[in-house]
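Protein chains: 2
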Amino acid sequence: MLKTELCDLVGIEYPIFQGGMARISDGKLAAAVSEAGGLGIVSAASGDVEQIAGEMDIAAKLTSKPIGVNIMLRGSNIDEIAAMIAEKKPAVVTTGAGSPEKYMDMWKSAGIKVIPVAASAAYAKLFERAGADAVIAEGGESGGHIGELTTMALVPQVCDAVSIPVIAAGGIADGRGAAAALMLGACGIQVGTRFLLAEECSISRVYKDKLIKANDTSTVVTGRRLGHPVRSLKSKFSREYSRIEYTSISDEELEQFAVGSLGAAVTGDENHGCFLAGQISGIVNKEQPAAEIIREIFEQAEALLTGGTKWVK
Amino acid sequence: MLKTELCDLVGIEYPIFQGGMARISDGKLAAAVSEAGGLGIVSAASGDVEQIAGEMDIAAKLTSKPIGVNIMLRGSNIDEIAAMIAEKKPAVVTTGAGSPEKYMDMWKSAGIKVIPVAASAAYAKLFERAGADAVIAEGGESGGHIGELTTMALVPQVCDAVSIPVIAAGGIADGRGAAAALMLGACGIQVGTRFLLAEECSISRVYKDKLIKANDTSTVVTGRRLGHPVRSLKSKFSREYSRIEYTSISDEELEQFAVGSLGAAVTGDENHGCFLAGQISGIVNKEQPAAEIIREIFEQAEALLTGGTKWVK
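This is the structure we're talking about:
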């Protein structure tokens, strides 16, 4: 079995995190991933403390294995959510959209591992200095909110910049990506897009079918003008957004245009949905139990890693 | 030593191509790379048949090993350049900006291996059907003209789409990238940015020093509006271009603004130069002979590939 230091750090069997996907990563999905030996992560993006706590409780009821929670450090009630997390003591908190420095002591003294997402080497260094236990180096090929650097370029540069463990994210959906991530210096992977097709993932049939049909060029980035680029599957929404993005429309109107689009994707509204997904969508073609996804990824990675000597003559 | 099927296909010792960089990849650089066991590639981007033939002759005088030439299939005298190439019979021609179908028979009957750059799985399939001997899957983290897909996402999807050998390009500058590329399914790599710091590369001191100082976030993409995005190091030129790109400036004026910027970079004009380089620039910090660059990359890759079993328990 494939083991890295990340397994020991977090107490998991396979070095894989399931990405905290806004409005998607609920307690049921997270529990399925954790129960299968990875780290399931509940998304705190709704901003509703009761709802997030509820999903964490659902996960805890379904598995006794470690669970994580992902919080975007932007919004009105982050303090409240952060305090709830400190109380609930998940194994891991992953953070996005800024530095978790403010909550570091509170979380760490609750025994929680703090693992921020870093989109550059400078951010990774900042998080290491602030006490992070590891960092997730996430490339811009991933779905959802993205940075500029790609996984191939970002991971080695983050590894050179910090001494804490690095988890690679972005463009990884099978054992090839997992093995490549280890070669780049990472000690584990975070996977989002492929878990959208987990049987335990509650998104609409429309969303899953769009993903199954997608190929390598099916995603597009919108939102660059407002400074928060987002990658999603090409759709009626993305076409319309792209059409108006660089017109004379005001920032407020453009912002308003996207309101509700994530929820619409989850419930299967093809007219208004923004269906977040990464560039690796083309190899994500089959609905499977989360446990089977994890097993397949690591069987393939293990075969590639043990076969790596075939090129050395 | 690390060997793959690409070595046999092209007749080289190490599975590495030096990217055909416009106005940079001359006969001297190509010869140094080929003499060291990789495939040196002369750029035909100048469009000047005499000049390109001259550089190919220089390379042939400096080494008896295989040499390649890179042609962008856009411009007024492509037929003429293509015919000259068929006559000179380099070991390999790599192509960009379109399909080489038109020249395929001419080149192949001259014994030249034809290896197009593909920015998507669909293009890779098209090139395979047209008779290409291999394809280069180049991710958008590379320097110069770029596509949308990243190396991590593109390489496995191209590998799934075609049966011919796949060479990975974009974001690769050391043995970590080379080993990762093999895990993704490639049988070799193409490297551009790191060869900018080859001692045999004739770009200005200013260009080399900018690259040495660069970190992971030092590059920027300009030209998206005109449909031909280009990645370069942040500079006076790129700042000014970005400032005007989405203003009311006409396409013609915007195009005109960039004329001469590549040449200016090569000669070291900090005010007007567009210094092409990839996102991996942050780990490219040392001027070295091309032979040392190649040796370092493959020593590191070999160590990683033979050590890959350490994770399997």
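Top line first, the protein sequences correspond to chains A and B.
For the first sequence, counting from 1, position 153 maps to 153 in my numbering; every step adds exactly one.
For the second sequence, counting from 1, position 289 maps to 1289 in my numbering; every step adds exactly one.
We treat Cβ as the ideally placed atom computed from N, Cα and C, and that holds for glycine.
Being a predicted model, the structure only gives us computed values, none of them experimental.
Start and end residues, beta strand (DSSP E) containing residue i
| i | result |
| --- | --- |
| M1119/B | The sequence shown places Ala at residue 1119/B, rather than the Met named in the question. Looking at the DSSP string, A1119/B is not in any beta strand (DSSP E), and its letter there is neither H nor E. |
| K1067/B | As written in the sequence, residue 1067/B is Ile, which differs from the Lys given in the question. Segment I1067 to M1072, the beta strand (DSSP E) holding I1067/B. |
| F1017/B | I1016 to Q1018 |
| I1012/B | No beta strand (DSSP E) contains I1012/B, which DSSP labels as neither H nor E. |
| G1188/B | G1188 to V1191 |
| T95/A | V92 to G96 |
Minimum Cβ-Cβ distance from residue i to chain A less than 8 Å
| i | result |
| --- | --- |
| A1277/B | no |
| V1312/B | yes |
| N1215/B | yes |
| Q1157/B | yes |
| S1120/B | yes |
| I1283/B | yes |
| M1183/B | yes |
| R1194/B | no |
| D1174/B | yes |
| M1104/B | no |
| D1209/B | no |
| K1088/B | no |
| G1140/B | yes |
Beta-bridge partners of residue i, as assigned by DSSP
| i | result |
| --- | --- |
| A1198/B | Q1288/B |
| M138/A | Residue 138/A is actually Glu in this sequence, not Met. Looking at the DSSP assignment, E138/A forms a beta bridge with A169/A. |
| S43/A | N70/A |
| V230/A | H145/A and T222/A |
| L276/A | S232/A |
| L2/A | V1312/B |
| V994/B | As displayed, chain B neither begins before 1001 nor continues past 1313, which places residue 994/B out of reach and without an answer. |
With 16 other Cβ atoms within 10 Å as the buried cut-off, status of residue i
| i | result |
| --- | --- |
| T217/A | buried |
| V1259/B | exposed |
| M1001/B | exposed |
| T1247/B | exposed |
| E138/A | buried |
| S998/B | Given a span of 1001 to 1313 for chain B in the structure shown, any question on residue 998/B remains unanswerable. |
| N1271/B | exposed |
| E1050/B | exposed |
| P1289/B | exposed |
| Q1279/B | buried |
| N77/A | exposed |
| D1026/B | buried |
| R74/A | exposed |
| A303/A | exposed |
| D48/A | exposed |
| S250/A | exposed |
| G253/A | Note that residue 253/A is Glu in the sequence shown here, rather than Gly. Its Cβ having fewer than 16 others within 10 Å, E253/A is exposed. |
Opening and closing residue of the alpha helix (DSSP H) in which residue i lies
| i | result |
| --- | --- |
| K89/A | It is not in any alpha helix (DSSP H) - K89/A carries neither H nor E in the DSSP assignment. |
| R1176/B | G1175 to M1183 |
| I212/A | R205 to K213 |
| P1100/B | That residue, P1100/B, is in no alpha helix (DSSP H); it is neither H nor E in DSSP. |
| T1150/B | Unbroken run through T1150/B: none, as it is neither H nor E. |
| A1032/B | G1027 to E1035 |
| A1132/B | It is not in any alpha helix (DSSP H) - A1132/B carries neither H nor E in the DSSP assignment. |
| S261/A | S261 to T267 |
| V1049/B | V1049 to L1062 |
| A1022/B | It is not in any alpha helix (DSSP H) - A1022/B carries neither H nor E in the DSSP assignment. |
Proximity test, Cβ basis, 8 Å: residue i and chain B
| i | result |
| --- | --- |
| L197/A | no |
| A132/A | no |
| L254/A | no |
| I112/A | no |
| M21/A | no |
| L9/A | no |
| K108/A | no |
| K3/A | yes |
*Okay, do the segment 1154 to 1167 of chain B and the segment 1128 to 1135 of chain B touch, 3+ Cβ pairs below 8 Å being the bar?*
The segment 1154 to 1167 of chain B vs the segment 1128 to 1135 of chain B: in contact.
_Check whether the segment 292 to 308 of chain A and the segment 221 to 233 of chain A touch, using three or more Cβ-Cβ pairs below 8 Å as the test._
These segments do not touch.
*Inspect the CB distances between the segment 1264 to 1275 of chain B and the segment 1203 to 1218 of chain B and report whether three or more fall short of 8 Å.*
yes
*asked:* Using a Cβ distance threshold of 8 Å, determine whether the segment 1009 to 1025 of chain B contacts the segment 1038 to 1050 of chain B, with at least three qualifying pairs required.
replied: yes
*Is the segment 47 to 65 of chain A touching the segment 236 to 244 of chain A, taking contact as three or more C-beta pairs under 8 Å?*
no
*Taking contact to mean at least 3 C-beta pairs separated by less than 8 Å, is the segment 133 to 148 of chain A in contact with the segment 1173 to 1192 of chain B?*
Flag = no, the segment 133 to 148 of chain A and the segment 1173 to 1192 of chain B do not touch.
*Inter-stretch contact (C-beta, 8 Å, three-pair minimum) for the segment 98 to 112 of chain A and the segment 1097 to 1109 of chain B*: no
*Looking at chain E, which residues of the segment 1231 to 1251 of chain B have a Cβ within less than 7 Å of any of its Cβ atoms?*
Protein chains in the displayed structure are A and B, and chain E is not among them.
*asked:* Is it the case that the segment 196 to 205 of chain A contacts the segment 116 to 123 of chain A, given that we only count it when at least three CB pairs across the two stretches are under 8 Å?
replied: no
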